[in-house]
Each structure stands twice: as C-alpha cells, then as structure tokens.
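A.B. asks: Counting from 0, one number per residue, gives the positions in the sequence shown under numbering that gives the first Met the number 0. Backbone N, C-alpha and C fix where the C-beta goes; we use that ideal spot for every residue, glycine too. First, the structure itself, so that you have it in front of you.
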Amino acid sequence: MSVRRSTSLAAVALAATASALVTPIASAETAPGAAGLEPALAEAYSAAYRAAATNGVVLSITSGKRSWAQQQSLWEDGVARYGSPAAARRWVLPPAESTHVSGEAVDVGPWQGAAWLQANGNRWGLCRTFDNEWWHFELVASPGSACPPTVPDASYR
Numbered sequence: 000m001s002v003r004r005s006t007s008l009a010a011v012a013l014a015a016t017a018s019a020l021v022t023p024i025a026s027a028e029t030a031p032g033a034a035g036l037e038p039a040l041a042e043a044y045s046a047a048y049r050a051a052a053t054n055g056v057v058l059s060i061t062s063g064k065r066s067w068a069q070q071q072s073l074w075e076d077g078v079a080r081y082g083s084p085a086a087a088r089r090w091v092l093p094p095a096e097s098t099h100v101s102g103e104a105v106d107v108g109p110w111q112g113a114a115w116l117q118a119n120g121n122r123w124g125l126c127r128t129f130d131n132e133w134w135h136f137e138l139v140a141s142p143g144s145a146c147p148p149t150v151p152d153a154s155y156r
C-alpha cells in the first residue's frame, strides 16, 4: 500500500479493502498480509480470516509487520501532526516500543471486519487492545478465554 507521509494513521487503517472479495483460504495457508508476523499471531489471524470468510465477512490486514524505518517514519509523522511526542503516543509509538515492529500486532479493516474480529477474535486469542484504535489487534489471550480489558490508547504501555 502506498502511503504518503501526510496520511493520518486512521486513514491508513481505513484505506483497507473497499473492493476486497471474501475468498476463503485453505486451512494450511497463511492469510494475505500475515507475512512477517510472529508465527503464533500469523496462525491465529489466518484461522480468524478463514472463519470470517466462511461467515461472509471481509477481513484484511491493513498494516502488520513494519520495519524499524517504517515505524520511525510513522512516529515522526505523528509527532509533527499531534505537536509533541506525548500527544503522538496516543496513536503511534516509537520503533523500540511498537508491537508492529516485532510482528506482534495487526491493524485490520474494513470496520465491519474489525467489529467481527472484536466479537469473535478471542476464539483464537486475538484481542483489541486500545479503546481509540478499533483496528488494532494483538495475540494477548489464551484461545477461547476472555480478552483482557482494553486501555485508552498506546501511551498506556
């Protein structure tokens, strides 16, 4: 996905899949966009992706594993956009703290897919972690258990 530096993080998440088709993948395949993720997250997300497709729900990764340089660019954009590092931390973290850099987080879309994942993701241990980011999910629960409470934003890490 080509993203201009001035594009907001929310717009990146929303840019997802306006024209995506629901296409189930075979159980051994990794879901599109899951390359580079930690293996457990890639497996859990791929299982959720297959279940969503079976239910006619479009679900796609809009941002997964990021390089240090990509995250640094997003961080710099966030500081410029929000006016300070403290304000930017509500929406983006520096590379050393980002779960995207370590391959431990996915941003998903479209909104309906994210809502489905929020309602069903705990089946695979996938949970929304921030109140202000409907698109951000991490593998933070045991499959089948309840997700932990969300925190207001990334600055609470």
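(1) Is the CB-CB distance between T53 and A41 below 8 Å?
(2) Spatial neighbours of W134 within its chain, please: CB distance less than 7 Å, with the 5 preceding and 5 following residues excluded, ordered by chain position.
(3) Can you tell me the Cβ-Cβ gap for H99 and R65, rounded? I've got them flagged as a contact below 8 Å.
(4) Within a Cβ cutoff of 6 Å, which residues of the same chain sit near A87, ignoring the five residues on either side of it in sequence?
(5) Going by CA-CA distance only, name the one from E132, E75, W110 and P147 that's closest to G124.
(6) Determine the extent of the beta strand (DSSP E) in which S62 is found, giving its start and end residues.
(7) I'd like to check one pair, W115 with L58: are the Cβ atoms closer than 8 Å?
(8) Per DSSP, what are the beta-bridge partners of D106 in this structure?
(9) By how many angstroms is the C-alpha of S101 removed from the C-alpha of S72?
(10) Rounded to whole angstroms, what is the Cα-Cα separation between F136 and A104?
(11) Using 8 Å as the threshold, is the C-beta distance between N121 and A47 below it?
(12) From the DSSP output, in three-state form, read off L73 for me.
(13) Ignore the nearest five residues each way along the sequence and tell me which others in A39's own chain have a CB closer than 7 Å to its CB.
C.D. replies: In short, the structure shows the following:
(1) Residue mapping note: residue 53 aligns to position 54 of the sequence shown, counting from 1. Residue mapping note: residue 41 aligns to position 42 of the sequence shown, counting from 1. A distance of 8 Å or more separates the beta carbons of T53 and A41.
(2) Residue 134 sits at position 135 when you count from the first residue of the sequence shown. Here the set comprises A12, T61, D106, V107, G108 and A113.
(3) The residue you call residue 99 lines up with position 100 of the sequence shown. The residue you call residue 65 lines up with position 66 of the sequence shown. Cβ-Cβ separation between H99 and R65: approximately 4 Å, consistent with a contact (criterion under 8 Å).
(4) Working through the sequence shown from its first residue, we reach residue 87 at position 88. Closer than 6 Å at Cβ, skipping near neighbours: G77, V78 and Y81.
(5) Working through the sequence shown from its first residue, we reach residue 124 at position 125. The candidate whose alpha carbon is nearest that of G124 is P147.
(6) Within the sequence shown, the letter at position 63 stands for residue 62. Unbroken beta strand (DSSP E) run through S62: S59 to S62.
(7) Sequence index remark: in the sequence shown, residue 58 carries index 59 (1-based). Sequence index remark: in the sequence shown, residue 115 carries index 116 (1-based). For L58 and W115, yes; Cβs fall inside 8 Å.
(8) Counting from 1 along the sequence shown, the entry for residue 106 is found at position 107. D106 is bridged to S62 and H135.
(9) For the purposes of this step, residue 72 is taken as residue 73 along the sequence shown, with counting starting at 1. For the purposes of this step, residue 101 is taken as residue 102 along the sequence shown, with counting starting at 1. Cα to Cα, S72 sits roughly 16 Å from S101.
(10) The residue you call residue 136 lines up with position 137 of the sequence shown. The residue you call residue 104 lines up with position 105 of the sequence shown. If you take the alpha carbons of F136 and A104, they lie about 6 Å apart.
(11) What you label residue 121 is simply residue 122 of the sequence shown in a count that begins at 1. What you label residue 47 is simply residue 48 of the sequence shown in a count that begins at 1. The answer is no: Cβ separation not under 8 Å.
(12) Counting from 1 along the sequence shown, the entry for residue 73 is found at position 74. Taken through DSSP and simplified to helix, strand or coil, L73 comes out as helix.
(13) Taking the sequence shown and counting its residues from 1, one reaches residue 39 at position 40. Same-chain partners within the cutoff: L138.
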